[in-house]
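Colleague: One line per chain: the protein sequences are D and G, in this order.
If you count the first sequence from 1, you need to add 3 to reach our numbering.
Letter 54 of the second sequence, counting from 1, is numbered 45 in our numbering, and no numbers are missing.
Yeah, the Cβ is synthetic: ideal placement off N, Cα and C, and Gly gets one too.
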Amino acid sequence: MIPERKFLVSPGPHLWKGLSVSKIMYRVVIALMFPTGAAIYFFGYRALSVIGVSVAAAVVTEYVCKRLRNRAFVMDGSAVVTGILLGLVLPPTIPLWMAAIGSIFAIGIVKEAFGGLGHNIFNPALGGRAFMSVSFSMQMTTWVKPMGFTADAITSATPLSESFVWQADKLSLYQAMFMGNTAGSLGETSALLIIIGGIFLLARGIINWRIPAVYIGMVALMAAALGQDPLFYILSGGLMLGAFFMATDYVTSPLTNRGKIVFAVALGVLTVMIRHFGGMPEGVCYSILFMNAITPLIDRFIKVRPYGLVKKVARGG
Amino acid sequence: MKNLGIRLKKKGTPYGVKVPESKLTAKNQIEPAPLPEKVIIPLHQNIGAPCEAVVNKGDKVLTGQKIGDSDKFVNAPVHATISGEISGTTMVVNPPTAQLVEALVVTSDGADEWVKLEPPQNPEALSVKEILDRVRGAGLVGLGGAAFPTHVKLSPPKDVRIDTVILNGCECEPYITSDHRVMLEYGEKVLSGLNIIKKVLSPDSIYIAIEDNKEDAIDHMEELIVAMGFKEDFKIIPLKSKYPMGAEKILTKMILGREVPIGGLPLHVGVVVHNVSTAKAIHDAVVEGKPFVERVVTVTGAVKNPKNLLVRFGTPLRSLIDYCGGIDGKANEVILGGPMMGFSQFDLDFPVIKGTNGIIVKESTPIREQDCISCGKCIEVCPTYLMPTLLARYAKAGRYDECQQAYIDDCFECGACAYTCPANIPIVQYIKVAKRELAKRAVKK
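(1) Roughly how many angstroms separate the alpha carbons of G317(G) and H35(G), rounded to a whole number?
(2) Who are the Cβ neighbours of E43(G) in its own chain at under 8 angstroms, not counting the five residues just before and after it?
(3) Under 8 angstroms between C-beta atoms, does I202(D) make it to chain G?
(4) I need the DSSP call for Y421(G), collapsed to helix, strand or coil.
(5) Which of the three DSSP states is assigned to G128(G) in this structure?
(6) Consult DSSP for T243(G) and reduce its assignment to one of helix, strand or coil.
(7) Under a three-way DSSP split, which group does R(-2)(G) fall into?
(8) Assuming contact is defined by CB atoms lying nearer than 8 angstroms, are E285(G) and R309(G) in contact in what I supplied?
(9) Keeping to the same chain, check which residues put their C-beta closer than 6 angstroms to that of G90(D); ignore five residues upstream and five downstream.
(10) When burial is assigned at 16 or more other CB atoms within 10 Å of the CB, is M331(G) buried or exposed?
(11) State the DSSP-derived secondary structure class of K435(G), mapped to helix, strand or coil.
(12) For L339(G), I'd like the list of residues in its chain whose CB is within less than 6 angstroms of its CB, leaving aside the five on either flank, ordered along the chain.
(13) Y6(G) by DSSP, collapsed to three states: which one?
(14) Three-state secondary structure (DSSP) at G319(D)?
(15) Going along chain D in order, which residues have a C-beta closer than 9 angstroms to the C-beta of E324(G)?
(16) Would you kindly work out how many angstroms separate the C-alpha atoms of S158(G) and E428(G), rounded to a whole number?
(17) Quick check on the burial criterion: 16 or more other C-beta atoms within 10 angstroms. Buried or exposed for Q56(G)?
(18) Going along chain G in order, which residues have a C-beta closer than 7 angstroms to the C-beta of I264(D)?
(19) Are there three or more Cβ pairs, one per stretch, closer than 8 angstroms when the region 272 to 283 of chain D is compared with the region 59 to 66 of chain D?
(20) So, does the CB of V84(D) fall closer than 8 angstroms to a CB anywhere in chain G?
(21) Do you know how far the Cα of I351(G) is from the Cα of V126(G)?
(22) Buried or exposed for M78(D), going by 16 or more other Cβ atoms inside 10 Å?
(23) Anyone know if the C-beta pair for P233(D) and A226(D) falls short of 8 angstroms?
(24) At which residues does the alpha helix (DSSP H) containing V437(G) begin and terminate?
(25) For P342(G), which three-state DSSP category applies?
(26) Kindly indicate the opening and closing residues of the alpha helix (DSSP H) around K298(G).
(27) If you measure beta-carbon to beta-carbon, which residues of the region 238 to 258 of chain D are closer than 7 angstroms to chain G?
(28) When the Cα atoms are used, what is the spatial distance from V316(D) to V260(G)?
(29) On the criterion of 16 or more Cβ atoms from any shown chain inside 10 Å, does N113(G) qualify as buried, or is it exposed?
(30) For G136(G) and G111(D), what's the separation of their Cα atoms in angstroms?
(31) In this structure, what does DSSP give as the bridge partners for M82(G)?
(32) Counting only beta-carbon separations shorter than 8 angstroms, does L120(D) have a partner in chain G?
(33) Between which two residues does the beta strand (DSSP E) holding P23(G) run?
(34) Within a Cβ cutoff of 7 angstroms, which residues of the same chain sit near Q361(G), ignoring the five residues on either side of it in sequence?
(35) For the region 192 to 208 of chain G and the region 228 to 243 of chain G, state whether three or more C-beta atom pairs, one from each stretch, are separated by less than 8 angstroms.
(36) What did DSSP end up calling G292(G) once you bin it into helix, strand or coil?
So, in structure tokens, the structure goes:
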């Protein structure tokens, strides 16, 4: 006989794949370890401290906001992702308190003030960076040569600056940019390790290939159309990190595959426009933020055609 | 593999989900379950009208004797599944509709004395009308889960021509192996039943759809088709295993590229889909004159000895689970049907009904719903190309009109979305609520 026991009654399906939000977030964290590793290799203690402060501030802010809003705090990893991403897009010499302020703004204002994970309009890390760019414009545009764990930082221009000069041949420039041995934001310089992290996310089914592929492809295409060097365009600045880790943010990118393609094409066009015609050397951050704002519109107009919508006439013999 | 010209090219779909199959009983032969001391026969086991009891309390009944019927067309009568006495009535919850329905209780006399069967002298000579009368008289309903009366499906409206019949042996639900075993052990009857369907509907082509996780069933059916001389008539289409491949709408699209219109039926695009177990039951009803009193049910999951059982309708779940060695460990959920679309039960006294293809016992933990992170995974897997996250969002906010504008009627609640959802949103539950509210509104108007 079966002993009496209480049965759980729930609607179907009674199975779950088990890929939870926090599992996804921690997989993104694992993928981010590749560019973070590059940041530490090239910028040493500075990288460790900036990213560390940014992550700590993000998690603490998330906790405080949840308490203030009377919601349960879940360590779902999304604040960690935001913290690492913000750290990666900051210059190595940024004062640590500024990194903390940026991180607090990213989580407190850009994310939690809008309702928390799932409700934010803008990518929190990029929102934080934009806030810091206008607040601390000097510190946010001071760049140093990769110095590893040595103490002395020598200011230098990034490849995107007008004052940038490369002494050797072009091939060695590409090599340096691909490996990450140039001045720039902590985690943006090494295309190689960002791509490895991105491939990890693609292979684990976390991100959809459409956004990074179309975005990067579109930048190359636009650059070529404007008579610029496409390879230089895709290797410089924050494009790689933005394309794989920021533009693919679920919450702030369109739902449908077609919507994602429209989103990525527009990102490519905007990024090149800002870089080429705008007053700023880099356009990845602002083009993604701009397209984040457009995402609800894309989702409104680009839908999936449901099965059986086109009514077919019953077939006669 | 020798090419007999019966097996067509394998097809697959990028939609749907890969679910761990857990087909524990794929190799277990069908065995008859012991006859219960009493059976509970709900008077409403099909889509359509309920039956009225045609016997009274205290009446003696024989196995296979009709005890409930209706004069409505969309209905199938119910029969006593053991011999004995009508000992009373009770109320049970009909799982798909969650409504209370009346049920007759038959207490066994232990004899299992059958009514006199009347097999036709010459099954070949039966007219279409005689076949349909026999199918209805036997109380046949579709055995894939929806329990739509079979004679209705075999009587398309006059202005519709059915050019294709699909015999569905996909069994894409995890755990369940009843159709699989029926194909292996009653393959001749399945094909004979399919031949009867062919006679009734006279379609141009007939396909048998089987998922490629049942390679043995594909081989077996192929051999039988040759042996029984159906080589010209029946073709087998192997399909790549993916849930919900076995849904009518998906099969129609996969095999013929035709989409069933929203709110319509496959017959609106000239297609009728029957389940393999239904075909076997059609054979039993038409050729052997047997009323529909038993079916193969997979009892599996967290029971000591999972089995494929031949079960009389009305047998309480408790006795079947006991027969399989009882519940193992801390399992706390009993599901009637597959784990994706089945219905969990709160009470083991509930009987096996015509639509029950499996009983699954499993351990479940309550989940915590999080906010949608707009990952779009539900959209990627939806086999009817809907945007489940939007449906759930609208339903949650009570914006049912918007659900309708987002084609909620197209959803057949397969659950691929909720299975995938990282935020654990019970999307199907929200969709069911919205559909029910919309149906209520439609009645008011």
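Modeller: So, to answer that:
(1) On the second sequence, position 326 is the one that residue 317(G) refers to. On the second sequence, position 44 is the one that residue 35(G) refers to. When rounded, the distance between both Cα atoms is 29 angstroms.
(2) One-based indexing of the second sequence puts residue 43(G) at position 52. Sequence-distant Cβ neighbours of E43(G) in its own chain, meaning closer than 8 angstroms and more than five residues away, are L34, G59, D60, S61.
(3) As a working mapping, residue 202(D) is identified with position 199 in the first sequence. So no, I202(D) is outside the interface.
(4) Start at 1 with the first residue of the second sequence, and residue 421(G) comes out as number 430. Note: Y421(G) maps to helix in three-state DSSP.
(5) Along the second sequence, read from residue 1 onward, the residue named residue 128(G) stands at position 137. For G128(G), the three-state secondary structure derived from DSSP is helix.
(6) Here residue 243(G) corresponds to residue number 252 of the second sequence, with the count starting at 1. Three-state DSSP puts T243(G) in a helix.
(7) The residue given as residue -2(G) occupies position 7 in the second sequence. Three-state DSSP puts R(-2)(G) in a strand.
(8) Here residue 285(G) refers to the residue found at position 294 when the second sequence is read from its first residue. Here residue 309(G) refers to the residue found at position 318 when the second sequence is read from its first residue. For E285(G) and R309(G), no; Cβs fall outside 8 angstroms.
(9) As a first step, residue 90(D) is located in the first sequence; it is residue number 87 there, counting from the start. Excluding sequence neighbours, G90(D) sits near V53, I54, S57.
(10) The residue labelled residue 331(G) in the question sits at position 340 within the second sequence. So M331(G) ends up on the buried side.
(11) Counting from 1 along the second sequence, the entry for residue 435(G) is found at position 444. K435(G): helix per DSSP, three-state reduction.
(12) Within the second sequence, numbered from 1, the residue matching residue 339(G) stands at position 348. Only L308, R309 meet the Cβ criterion.
(13) As a working mapping, residue 6(G) is identified with position 15 in the second sequence. Reduced to three states, the DSSP call for Y6(G) is coil.
(14) For the purposes of this step, residue 319(D) is taken as the residue at position 316 of the first sequence. Caution is warranted here: a pLDDT of 39 is assigned to G319(D), below 50, making its placement in the model unreliable, and the coordinate value is therefore given only provisionally. Coil, per DSSP.
(15) On the second sequence, position 333 is the one that residue 324(G) refers to. Ordered by position in chain D, the residues that pass the 9 angstroms Cβ test against E324(G) are F10, L11, V12, S13, H17.
(16) Taking the second sequence and counting its residues from 1, the one referred to as residue 158(G) is at position 167. Taking the second sequence and counting its residues from 1, the one referred to as residue 428(G) is at position 437. The sequence given here has Leu at residue 158(G), not Ser. C-alpha separation (whole angstroms): 34 angstroms.
(17) Translated into the one-based positions of the second sequence, residue 56(G) becomes position 65. Flag for Q56(G) reads buried.
(18) The count along the first sequence starts at 1 and reaches residue 264(D) at position 261. Per Cβ cutoff of 7 angstroms: no residues; I264(D) is ~13 angstroms from chain G at best.
(19) no
(20) Counting from one through the first sequence, the residue named residue 84(D) turns up at place 81. Cβ-Cβ to chain G under 8 angstroms: no for V84(D).
(21) Start at 1 with the first residue of the second sequence, and residue 126(G) comes out as number 135. Start at 1 with the first residue of the second sequence, and residue 351(G) comes out as number 360. Taking the straight line from one Cα to the other gives about 29 angstroms.
(22) Counting from one through the first sequence, the residue named residue 78(D) turns up at place 75. M78(D) comes out exposed.
(23) For the purposes of this step, residue 233(D) is identified with residue 230 of the first sequence, where counting begins at 1. For the purposes of this step, residue 226(D) is identified with residue 223 of the first sequence, where counting begins at 1. Judged by beta-carbon spacing, A226(D) lies within the 8 angstroms limit of P233(D), meaning their Cβ atoms are closer than that value.
(24) This structure does not reach residue 437(G), given that chain G is present from -8 up to 436, and the question cannot be answered.
(25) Counted from its first residue, the second sequence places residue 342(G) at position 351. Residue state for P342(G) is assigned as strand, using DSSP reduced to three classes.
(26) Here residue 298(G) corresponds to residue number 307 of the second sequence, with the count starting at 1. Note, K298(G): premise wrong, no alpha helix (DSSP H); beta strand (DSSP E) at 298 to 303.
(27) Y253, V254, L258
(28) For the purposes of this step, residue 316(D) is taken as the residue at position 313 of the first sequence. For the purposes of this step, residue 260(G) is taken as the residue at position 269 of the second sequence. For V316(D), the pLDDT reaches just 45, beneath the cut-off of 50, and the residue's location in the model is therefore unreliable, leaving the point undetermined.
(29) Residue numbering aside, residue 113(G) sits at position 122 when the second sequence is read from its first letter. With fewer than 16 Cβ atoms within 10 Å of its Cβ, N113(G) is classed as exposed.
(30) Mapped onto the second sequence, residue 136(G) falls at position 145. Mapped onto the first sequence, residue 111(D) falls at position 108. Straight-line Cα distance between these residues: approximately 50 angstroms.
(31) In the second sequence, counting from the first residue as 1, residue 82(G) sits at position 91. E93(G).
(32) Residue numbering aside, residue 120(D) sits at position 117 when the first sequence is read from its first letter. Yes, contact with chain G.
(33) Here residue 23(G) corresponds to residue number 32 of the second sequence, with the count starting at 1. Run containing P23(G): 21 to 23, per the beta strand (DSSP E) assignment.
(34) Position 370 of the second sequence, counted from the start, is the residue given in the question as residue 361(G). Correct list, in chain order: A414, N415.
(35) yes
(36) Position 301 of the second sequence, counted from the start, is the residue given in the question as residue 292(G). DSSP places G292(G) in strand when its eight states are reduced to three.
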